[in-house]
Amino acid sequence: MKITVDGLTSIYHNNTPFEHTALNNFTTSFEPGKYYAVIGRTGSGKSTLIQHLNGLLLPTRGIVQVGDLTLKHRTKQRIIHQVKKHVGMVFQFPEHQLFDETILKDVMFGPLNMGLTEEEAEARAEKYLSLLGVPERAFGRSPFDLSGGQMRKIAIAGILAMEPEVLIVDEPTAGLDPKSHIEVMDLFKQIQEDFNITIILVTHDMNDVFEYADEVKLLAGGQLIREGRTEDILTDEKLLTDHHLEIPDIVRLVHDLERKGVVFEGMPRNTDAFITSYREWRALHAQ
Amino acid sequence: MIARLYAGYALFFTYKMVVEHMIKIDNLTYRYQADGPTALDEISLSFNKGDWVSVIGHNGSGKSTLVKILMGILEGYTGNITVDGEALTQDNIQDFRERFAIVFQNPDNQFVGATVEDDVAFGLENQGLPREVMIERTEKALSAVNMLAYRRHAPARLSGGQKQRVAIAGALAMEPDVLILDEATSMLDPEGRNDILAILDEIHKTRTTTLIYITHDLSEIEKSDYAVIMKDGRVINEGSIEHIFSDTDILIESRLVLPYQMQISRAFLDGRYVTHDELVARL
Amino acid sequence: MLSNMLLGRYIPGDSVIHRLDPRAKIVSVLLMMVIIFFANHWVGYGLLVLFVLGIIRVAQINLFFLFNGLKILLFILIFTFLLHIFFTRGGTTLFEWGFIQIDSEGLITGIYITVRLVMLLVITTILTLTTSPIELTDAIEKLGAPLKKIKIPMHELAMMISISLRFIPTLMDETEKIIKAQSARGSTFMTGRLKSRINALIPIFIPLFISAFKRAEEMAVAMEVRGYTGEAGRTSYRELNWHLRDTAALIVIIAFGVLLFLVRM
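Shown next as structure tokens:
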């Protein structure tokens, strides 16, 4: 499912003394099946943008086209509800949305709202809980007995069970320990590849962006500053520094090594790839 | 003769200064339920005055339990804790509390005051200090964390990183011997986290406050003097940063993630401890 | 809609009214609540309106902004007005149609009562607009100090109010986030039958309560480790300073009360 944003302007508290323009005449698009990262410092308009993509906010001006559904200034609830079926959203700290008595019931909440029958919803919930490695004997337990990382997995399963074609994830690893961090990030990559869905990741973690995303959209002051391939944007140290973003560790390392004369063929995207690249480089230069 | 005496004194004081233990923990054991599993299992540790000590462990490793005992939130442990040579008992816990300050994980849930300066002064009000002293200390503490310009701001107008800086100021204003940071950066963005680490570095340079930095992120411990690795309620390794990273297997077994430079060092440099620059130099 | 509402909102400023001691302002408002009832005919009401307009001017509050912000209470005002018009009898009959009858007395009383209500609302709104919540809390604690004698825990009350006020924006944010999160899961509490709307509130309230309790607990621990043990032995960082202008403000209010009393008929 393709999403097109055309001339989107988003103003909070329009026509009051507290008026604030979060997005200004914003145009971009998201192709099906790709992994996108939306980056920019706090207040750049990232979270406003993603809320427009699934109808949580409606444009003040301009349109958001989701497949053949159009979101405009006064779009009806019925259309918005349709959009939510196609575009799923995992909020920051998604474990804060858990409410039901059992893990299974909580995951069924979204599918039921989408109009599925109890049996269908239960089948979906079981499928995605198993996918996330939640054992069947835990399905009947309360989600509140779990650790933070586990609760987050349940919340993510609740969104996946709605089987969206586009999945938006907002800071999915905030507050997680490094091990769970890697598990959660690997999970999104895996479902993107297995189910061929679009992922739109919003994060401050440039290492994650560099490792996982195909394309990057850089925002500042409610405007699109740059968009394009991850390896082009995240290797532009000046661009990142100008926008108060961190340089990915591997990029910094590769650039530092280049100055020393160690030059690789391509740019490794994570530590393991770096190790392979360096090993190859060494083998090549040992001769 | 006199010279010898002086030399003796000098040596003695140097020794005192070098090995003066701020906190000494002996055989500390704690269970949340009397017949339940041990959350802390015979822990013995000592922290030097003015050091930056990192305590690293996965969730459930016991690091938070340790903090709660030190802060007097949990009672009913066995073992001994001495602070600056004095034993901690049920009776003097209140006095000890004044010597410890802590910054918790969630920036929102520890902001008591209506404004930045009110929040910093909160602990001082509780100590019953005169108003002039409070004003002076509040200003000093806010300057130390670069938040003086925001003194009249309400918390709703601050970022997470700024709120944590205020929390640190609130702790510093109490002029504690020990400042504990309990996963204080885990909810912040990289910018906020780097600000906090830079402030801690400044505090560390003064060598007046012992820093206990609780984290599960091995990439944050570069600046500390001493590190303690915990797993399942036990201390499984402790020592200098070089020492901790000399056995990366233990770290991986403890469900910790090695910093990128250490992963690369494991592949090419026998896993010796390196910083980013050293890694670049050696590859 | 809520963003326009002014009730209970504080807007920082630098007018004389802003700078008055909050205790002076609270006492003034209490006095004004009594004084308003002194007015009993058009001269009194005229003076009252002029006086209140004068205060608004001194407080540098935009009149349009103020009344716009109070629009939400228009319904109550109209209701009161109509109640008096239709049910107060006396004077000459101005209008009669079926069982509906409007007397001159009813019209006049309706207008007077409505003016009174508006003035009460405006006066209290000026107080909250020009006084920060923390100042109000401090003043309530200080003014209520005598109540401690009869075992009313004024300090604890003030601390509770202050922390509640501090958490309002946090909890509002949180509520908004949870509503959005559940709405993204297809929850439809904004549409549908009443029963399904009420059912749809459960996924919002449960997470909200859980989080509020967690926050309260963490806050309590944070306060405890910073040495909070209640009022005993505690000093205060904030200080209220009574100036000459505060005394002057009270004198002005009392003088106005006397004037209004004198023009009574």
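Residue numbers (our numbering), protein chains in the order written: chain A, 119 to 405; chain B, 6 to 288; chain C, 2 to 266. From the three backbone atoms N, C-alpha and C, an ideal C-beta is built for every residue, glycine too.
Proximity below 8 Å, CB of residue i to CB of residue j
i: B:Pro264; j: A:His322; result: no
i: A:Pro261; j: A:Met269; result: yes
i: C:Ala182; j: A:Pro212; result: yes
i: B:Val58; j: B:Val233; result: yes
i: B:Gly175; j: B:Met192; result: no
i: B:Glu247; j: B:Ile219; result: no
i: A:Tyr153; j: A:Tyr330; result: yes
i: A:Arg179; j: A:Gly266; result: no
i: B:Val183; j: B:Ile217; result: yes
i: C:Ile205; j: C:Ile169; result: no
i: B:Lys68; j: B:Met27; result: no
i: B:Phe105; j: B:Leu93; result: no
i: A:Gly258; j: A:Leu222; result: yes
i: B:Val150; j: B:Ile204; result: yes
i: C:Gly47; j: C:Thr131; result: no
i: C:Glu142; j: C:His156; result: yes
Residue burial classification, residue i (beta-carbon count within 10 angstroms, cutoff 16)
i: B:Met267; result: buried
i: A:Thr291; result: buried
i: B:His221; result: buried
i: C:Ile254; result: buried
i: A:Gly173; result: buried
i: C:His1; result: No answer is possible for residue 1 of chain C: it lies beyond the span of chain C, which begins at 2 and ends at 266.
i: A:Val327; result: buried
i: A:His204; result: buried
i: C:Thr126; result: buried
i: A:His403; result: exposed
i: C:Ser311; result: Shown here, chain C extends from 2 to 266; a query on residue 311 of chain C therefore has no answer.
i: C:Arg24; result: buried
i: B:Asp40; result: exposed
i: B:Asn131; result: buried
i: C:His42; result: exposed
i: C:Phe80; result: exposed
i: A:Arg308; result: Just to set this straight, residue 308 of chain A is Gln in the shown sequence, not Arg. It is exposed - the Cβ of A:Gln308 has fewer than 16 other Cβ atoms within 10 Å.
i: C:Ala256; result: exposed
i: C:Ser133; result: buried
i: B:Ile257; result: exposed
i: C:Arg167; result: buried
i: B:Arg162; result: exposed
i: C:Leu31; result: exposed
Nearest neighbour of residue i, chosen from the options [CA to CA]
i: A:Thr353; options: A:Gly379, A:Pro386, A:Leu342; result: A:Pro386
i: A:Leu250; options: A:Pro229, A:Phe257, A:Ile272, A:Asp263; result: A:Ile272
i: A:Gln183; options: A:Ile343, A:Val372, A:Asn325, A:Ile121; result: A:Ile121
i: A:His373; options: B:Ser270, B:Val285, B:Val138; result: B:Val285
i: B:Asp113; options: B:Leu153, B:Ile140, B:Ala172; result: B:Ala172
i: A:Val380; options: A:Asn388, A:Asp367, A:Arg397; result: A:Arg397
i: B:Arg2; options: B:Ser51, B:Val138, B:Glu144, B:Leu71; result: Because chain B here runs from 6 to 288, residue 2 of chain B falls outside it and cannot be looked at.
i: A:Glu349; options: A:Leu175, A:Gln341, A:Val334; result: A:Val334
i: C:Met266; options: C:Val44, C:Met33, C:Val28, C:Leu31; result: C:Val44
i: C:Asp174; options: C:His156, C:Ala213, C:Ala146; result: C:Ala213
i: A:Arg242; options: A:Glu254, A:Met226, A:Pro253, A:Asn231; result: A:Met226
i: C:Leu144; options: C:Leu49, C:Val59, C:Ile27; result: C:Ile27
Nonlocal neighbours in the same chain, by C-beta distance under 7 Å from residue i, ignoring five residues either side
i: C:Thr248; result: none
i: B:His158; result: Thr120, Val121
i: C:Thr110; result: His85, Thr89
i: B:Gln110; result: Asp187, Glu188, Ala189, Ser191, Met192
i: B:Leu153; result: Glu144, Leu147
i: C:Thr189; result: Ala201
i: B:Arg142; result: Leu129, Ala178
Chain-order list of residues whose beta-carbon lies under 6 Å from that of residue i (same chain, five-residue window excluded)
i: A:Ile365; result: Glu355, Leu358
i: A:Asp162; result: According to the sequence as given, residue 162 of chain A is Ser; it is not Asp. Cβ within range, chain order: Leu337, Ala338.
Cut-off 8 Å between Cβ atoms - residues of its own chain near residue i, not counting five sequence neighbours on either side
i: B:Arg271; result: Thr253, Leu263
i: A:Glu137; result: Ile129, Tyr130, His131
i: C:Phe82; result: Gly111, Ile112, Ile114, Thr115
i: A:Thr127; result: Thr139, Leu141, Asn142, Asn143, Phe144, Pro177, Thr178, Arg179, Gly180
Heavy atom of the ligand SAM within 7 Å of residue i beta-carbon
i: A:Leu126; result: Among the ligands in the structure shown, none appear at all, so the ligand SAM cannot be discussed.
**Study point:** In chain order, each alpha helix (DSSP H) run of at least 4 residues that lies wholly inside the stretch 132-214 of chain C
**Key:** 134-144, 155-185, 195-200
Point to revise | Segments of 3+ residues assigned as beta strand (DSSP E) that fall wholly inside the stretch 146-199 of chain B | key: 183-187
Practice item. Just list the alpha helix (DSSP H) runs in the stretch 271-357 of chain A, keeping only unbroken ones of 4 residues or longer that don't cross its boundaries, in chain order. Key: 296-313, 324-330, 348-351
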